[in-house]
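Asks: Chains as they are written, first to last, in this note's numbering: chain A, 114 to 441; chain B, 114 to 441.
Virtual Cβ for every residue (Gly too), placed ideally from N, Cα, C.
The following block contains the structure, expressed as structure tokens.
Number of protein chains: 2
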Amino acid sequence: MATLKDIAAALGVSVATVSNVFNGRPNVGCATRQKILRVAKQMEYRPNRAAQAMRTGRTRAIGLVLPDLTNPFFPELAQAVENTARSRGLLVCLVDSQSRPEGEADGFALLMQHAVDGIIWCPLGPRPPAQLKNLARPVVLIDRPRPGYAVVHSNYRMGGRLLAQYALRMGHTRVGLLSGPQNIESAHQRREGFVKAFPRSIDIVWEVCVGFDGVLTPEALAALEQRGRATLIVAGNDLIAISAIRRLAEQGVSVPEEVSVTGFDNIRWTDIVTPRLTTIAQPVGAIGAKAVELMQERMSGEKIASRRTIFDVELIERDSVRQLNSGS
Amino acid sequence: MATLKDIAAALGVSVATVSNVFNGRPNVGCATRQKILRVAKQMEYRPNRAAQAMRTGRTRAIGLVLPDLTNPFFPELAQAVENTARSRGLLVCLVDSQSRPEGEADGFALLMQHAVDGIIWCPLGPRPPAQLKNLARPVVLIDRPRPGYAVVHSNYRMGGRLLAQYALRMGHTRVGLLSGPQNIESAHQRREGFVKAFPRSIDIVWEVCVGFDGVLTPEALAALEQRGRATLIVAGNDLIAISAIRRLAEQGVSVPEEVSVTGFDNIRWTDIVTPRLTTIAQPVGAIGAKAVELMQERMSGEKIASRRTIFDVELIERDSVRQLNSGS
DNA sequence: CCGCCGTAGTGTAACGTTTTACTAAGCAGA
DNA sequence: TCTGCTTAGTAAAACGTTACACTACGGCGG
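Printed below as a string of structure tokens:
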């Protein structure tokens, strides 16, 4: 690997001058600048990041800490983060905590040791992120706001409202709620958005909370038995919706003929499952890209006010909701 | 951040001694060793990886280069790789090329600049990996063997054979093949395993190749029209199988009543789709873990013979294949 | 002609480790 | 007592950058 010294030696100039060229500093003549660039290219010079890191304290690498890549929301996010980071010359260091707090803690320790310049983090659980305090690095949260930190997420309340509007439009007034964990803000807001949109027109006939991974608790199973009470089941996310549809199918209840179901997230498989799921689409790619952008702002600059960035969501109408005749 | 120097100063010993302690070198008395460790813990000393990297040339970070996290095979793999790497103190730097060769090339450049100690790579496409030559770092391939490189993958041929056995057991002798891209070795071997298992008993009535992403070509669509010819469709992977089932459903053909379908990979959603898909399970977690293990062997040691590591696969019987009465 | 300024460039000290070559002391054997 | 060996520890030179404080020199106003 060629170093600054090699280039300097080859041209009979000092290392400082060569360094100046690459860092776009003044005080180097046009002619020498050209020569240096030419020789550098020819020698395939690449700055040694480790040396730069030691000197400047910046690594041009960021951490991405996720709870679970197996949850289909995250691969798409990770892809977006990695791609926009790379396009800006940033390396992404991945930590997947498998939803275990120790995993998260270990991951942080590793990232700090490697002195990443910042961390994009989707914290697990509702508990406040203790490790953040002594991090001394910019942090951008995804999807789970915490006071005092920058966060980017979707407008979940809006998603809830859109679903409520749609439900009414399709003639559904008696609905069951299969919400996500209410201690996670994003799940809570989805619910709030739906429930508070038309409180007088929509009747919540039952409500159960389950995990975002879609495994149905006995309570949830029991709720699904109460056939005929609700004409529409509003699930906290697509995984939950798909589980519900499966369960109903096992019991010989067909969706959407006998009961309608909506999801949330528009994961890839909503399009592949039968019936195709009507759901709310988040702009996952945009969220990832924005997170990197915010990160970079914070890395290179002065303390910026920690703000929320909220993206609009969109209703994707597919086949899992039936139009009820107005009399019903 | 505390440094070796700080610890040395606090105890009135030399940096060298402190360094020796952490590197497990001899020539440091038991008493001083204890003291140093105690003070280090108290000061929360963490070695500066950048400095270590500069001195030793090793970063204790590895690259993971994948074609597309959106393909459900990869998140699980990435999770396994990250977790076993972390448990061994290795940081994982992610590159997702989005199936674009330029992306792959950019990613490699970035990883080299950061001087990762090795690369775990699932190369895209059939073309030989040109960048490997001047890499000067150990490489472990996943799923796509290349002469001269270590690779870990599943026993695809075995998967094909298992499917053939199962097909016969269920009474299917006329099958249609919806294979993956035959220039990718893993797809090719799945096909070979199936076709060569019982050439005299199983009749391949039609055969079409499509991409692993499951989008059906006009040719594939046409093949699916030829109802009644094949009683079983053997798909190159689960995505393809699921697409086929969807397509058949749209045409009012029910699976498995009218035609049976098998997949390959056992991605998470095979369990959620209707009908639940009968498929071949790869031990993805074990593959990822093994790749890291091989990587570490190669990082720390002398050149080891580049070998294949092949994992057994398993038939997962679900609901997408019907038992034919022997007369049929 | 003097003083001064701006331009182009140099020398070198860091940054936090690891590693090599070295020393000082203690002790056993002769 | 001296030699030589072992143990415990040290000093200092790297590694490849960056950044600060310099110098050398040409030209220009007065």
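Quick check: the region 257-276 of chain A against the region 289-305 of chain A, are there 3 or more CB pairs under 8 Å?
Replies: Yes, the region 257-276 of chain A touches the region 289-305 of chain A.
Asks: Consult DSSP for Thr-375(A) and reduce its assignment to one of helix, strand or coil.
Replies: Reduced to three states, the DSSP call for Thr-375(A) is strand.
Asks: Distance check for Pro-160(A) and Phe-135(A), CA to CA, integer angstroms please.
Replies: So the two alpha carbons sit approximately 9 Å from each other.
Asks: Of the residues Tyr-262(B), Glu-338(B), Leu-237(B) and Arg-257(B), which one's Cα is nearest the Cα of Ala-249(B)?
Replies: The residue with the shortest Cα to Cα distance from Ala-249(B) is Tyr-262(B).
Asks: Enumerate in chain order the residues of its own chain whose CB-to-CB distance from Leu-182(A) is below 8 Å, with the five nearest sequence positions on each side excluded.
Replies: Hits under 8 Å: Pro-188, Ala-191 and Asp-209.
Asks: Does Gln-155(A) get closer than 7 Å to chain B when you measure Cβ to Cβ?
Replies: It does not; no Cβ of chain B falls within 7 Å.
Asks: With distances taken from CA atoms, which of Met-114(A), Pro-139(A) and Gln-147(A) is nearest Leu-124(A)?
Replies: Of the listed residues, the one whose Cα sits closest to Leu-124(A) is Gln-147(A).
Asks: Straight-line CA distance for Val-426(B) to Val-265(B)?
Replies: Taking the straight line joining both Cα atoms gives about 13 Å.
Asks: So for His-301(A), helix, strand or coil by DSSP?
Replies: Helix, per DSSP.
Asks: Let me see if you follow: with CB-CB separation under 7 Å, is Gln-192(A) close to chain B or not?
Replies: Chain B contact via Cβ: present.
Asks: Considering Cα atoms alone, identify which of Asp-119(B), His-285(B), Ala-310(B) and Asp-316(B) is closest to Leu-345(B).
Replies: Among Asp-119(B), His-285(B), Ala-310(B) and Asp-316(B), the Cα nearest to that of Leu-345(B) is on His-285(B).
Asks: How long is the line joining the alpha carbons of Met-167(B) and Met-167(A), rounded to whole angstroms?
Replies: So the two alpha carbons sit approximately 8 Å from each other.
Asks: When the Cα atoms are used, what is the spatial distance from Asn-140(B) to Asn-133(B)?
Replies: Near 8 Å, if we compare the C-alpha coordinates of Asn-133(B) and Asn-140(B).
Asks: Straight-line CA distance for Pro-312(A) to Gln-436(A)?
Replies: Their backbone Cα atoms lie some 21 Å apart in a straight line.
Asks: How many angstroms separate the CA atom of Ala-336(B) from the CA atom of Trp-319(B)?
Replies: Their backbone Cα atoms lie some 7 Å apart in a straight line.
Asks: So, with DSSP's three-state summary, where would you put Leu-276(B)?
Replies: Residue state, collapsed to three classes: helix.
Asks: Provide the residue(s) that pair with Phe-176(A) in DSSP beta bridges, ordered along the chain.
Replies: According to the sequence displayed, residue 176(A) carries Gly and not Phe. Per DSSP, Cys-206(A) and Ile-232(A).
Asks: Consider the Cβ of Leu-150(B): report whether some Cβ of chain A lies at a distance smaller than 7 Å.
Replies: It does not; no Cβ of chain A falls within 7 Å.
Asks: Using 10 angstroms around the beta-carbon of Thr-169(B), count the other beta-carbons present and answer buried if the total reaches 16, otherwise exposed.
Replies: Burial call: exposed.
Asks: Going along chain B in order, which residues have a C-beta closer than 8 Å to the C-beta of Cys-206(A)?
Replies: Result: Ala-174, Leu-204, Val-205, Cys-206 and Leu-207.
Asks: Give a yes or no on whether the minimum CB-CB distance between Pro-369(A) and chain B is below 7 Å.
Replies: Judged by the 7 Å Cβ criterion, Pro-369(A) is not in contact with chain B.
Asks: So within the region 378-403 of chain A, which uninterrupted beta strand (DSSP E) runs reach at least 3 residues, ignoring any that extend past its ends?
Replies: Counting whole runs of 3 or more residues, the region 378-403 of chain A contains the beta strand (DSSP E) stretches 392-394.
Asks: Can you find the residues in the same chain that come closer than 6 Å, C-beta to C-beta, to Thr-422(B), ignoring five residues on each side of it along the sequence?
Replies: The answer, listed in chain order, is Val-265 and Lys-403.
Asks: Whole angstroms are fine: how far does the CA of Leu-390(A) sit from the CA of Glu-360(B)?
Replies: The sequence given here has Arg at residue 360(B), not Glu. Spanning the two alpha carbons is a distance of roughly 16 Å.
Asks: From the beta carbon of Trp-319(B), is the nearest beta carbon of chain A less than 7 Å away?
Replies: So, not an interface residue.
Asks: Starting from Ala-343(A), follow the beta strand (DSSP E) in both directions and report where the run begins and ends.
Replies: Ala-343(A) -> no beta strand (DSSP E), and no H or E assigned at all.
Asks: If you draw a straight line from the C-alpha of Gly-440(B) to the C-alpha of Arg-282(B), how long is it?
Replies: A caution first: Gly-440(B) carries a pLDDT of 46, below 50, which makes its placement in the model unreliable, though a value can still be read off. Taking the straight line joining both Cα atoms gives about 13 Å.
Asks: To the nearest angstrom, report how far apart Gly-293(B) and Glu-215(B) are at their CA atoms.
Replies: The straight-line gap from Cα to Cα measures roughly 24 Å.
Asks: What does DSSP give as the partner residues of Asp-316(B) in its beta bridges?
Replies: DSSP, once it has assigned bridges, lists Arg-287(B) as partnering Asp-316(B).
Asks: I need the straight-line Cα distance from Ala-115(A) to Val-152(A), nearest angstrom please.
Replies: For Ala-115(A) and Val-152(A), the distance between alpha carbons rounds to 11 Å.
Asks: In the DSSP assignment, what are the bridge partners of Cys-322(A)?
Replies: Ser-292(A).
Asks: How many Å lie between Gly-365(A) and Ala-354(A) at the Cα?
Replies: Cα-Cα distance, rounded: 16 Å.
Asks: Cβ of Gln-409(A) less than 7 Å from any chain B Cβ?
Replies: No - not a single Cβ of chain B is within 7 Å of the one on Gln-409(A).
Asks: Which residue comes first and which comes last in the alpha helix (DSSP H) that contains Phe-424(A)?
Replies: Element bounds for Phe-424(A): not the alpha helix (DSSP H) but the beta strand (DSSP E), 421-424.
Asks: Could you check which residue in Glu-371(B), Ser-314(B), Ala-310(B) and Gly-327(B) has the C-alpha nearest to that of Gln-339(B)?
Replies: For the residues Glu-371(B), Ser-314(B), Ala-310(B) and Gly-327(B), the minimum Cα distance to Gln-339(B) belongs to Glu-371(B).
Asks: Using the three-state DSSP reduction, which class does Ser-356(B) fall into: helix, strand or coil?
Replies: Reduced to three states, the DSSP call for Ser-356(B) is helix.
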